[in-house]
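If you read the sequence shown in the numbering used here, its first letter stands for residue 47, the second for the next number, and so on.
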Amino acid sequence: MPQAVKHVAPALRLIGWREHVRLPELGLGPLVAKVDTGALWCALHAEAVTIHGRKVRFSVRLGERLHECEARLHGAKNIRSSSGHSQNRLVVETELVVGQQSFTAEVTLADRTEMGVPMLLGRAAIRGRFMVHAGRTFLLDAKVKRRT
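Below, the structure is given as structure tokens:
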């Protein structure tokens, strides 16, 4: 009788439901991102979005400061919200830094004014990299004293 093969998952870094992230190619960060396993794609708050050939220009409001950004336009995605509304969003591909990990991610541009945090981290970015602790926040911040 053949022996069953056990699947061993790689060790994943534990993150909270909110974490600080950086987008160095856009000159942004650290900024607060909500980790949302119900969302497939990342979303970044963007205002005054304009397309210039293969580039997209937009502004990101972080507190009182307005940051001007430019990135290569990667395409567009039709995003359906949890309430069932569809929205066509522009997509940029950029470096995303979460804790000590740096990787390329597709980020949709959206008006997140009413959402409380400027960025959403979706499943496509965290899959295979992180495991989410739904009851904790900012687990990757070294300066935050952790309770056991």
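Built from N, CA and C at the ideal position, the CB exists for glycine as well.
Could you give the distance in angstroms between the alpha-carbon of residue 69 and the alpha-carbon of residue 151?
-> Near 10 Å, if we compare the C-alpha coordinates of residue 151 and residue 69.
With C-beta atoms as the reference, is residue 85 less than 8 Å away from residue 168?
-> Result yes, Cβ atoms of residue 85 and residue 168 sit closer than 8 Å.
Chain-order list of residues whose beta-carbon lies under 6 Å from that of residue 179 (same chain, five-residue window excluded) = Result list for residue 179: 60, 62, in chain order.
For residue 106, the nearest candidate out of 93, 98, 64 (CA to CA) | The candidate whose alpha carbon is nearest that of residue 106 is 93.
Proximity to residue 134 [Cα-Cα], best of 89, 82, 76, 184 = It is 89 whose Cα lies nearest to the Cα of residue 134.
List the whole-angstrom C-beta distance separating residue 65 from residue 184, where the pair is believed to meet the contact cut-off of C-beta under 8 Å.
-> Rounded, the Cβ-Cβ distance is 6 Å, consistent with contact.
Count the other C-beta atoms from every protein chain shown that fall within 10 angstroms of the C-beta of residue 154, then say buried if there are 16 or more, exposed otherwise.
-> Label assigned to residue 154: buried.
Neighbourhood of residue 171 by C-beta distance below 7 Å, restricted to the same chain and skipping five residues each side | Taking residue 171 as the centre and dropping the five residues before and after it, the same chain places the C-beta of 88, 142, 151 closer than 7 Å to its C-beta, in chain order.
Does DSSP put residue 110 in a helix, a strand or coil?
-> Correct three-state label for residue 110: coil.
Helix, strand or coil: how does DSSP classify residue 159 here?
-> Residue state, collapsed to three classes: helix.
Distance, residue 187 Cα to residue 102 Cα | In this structure, the alpha-carbon of residue 102 lies about 31 Å from that of residue 187.
So what does DSSP say about residue 126, is it helix, strand or coil?
-> Annotated three-state conformation of residue 126 is strand, per DSSP.
Can you tell me whether DSSP reads residue 100 as helix, strand or coil?
-> The answer is coil: DSSP assigns residue 100 none of H, G, I, E or B.
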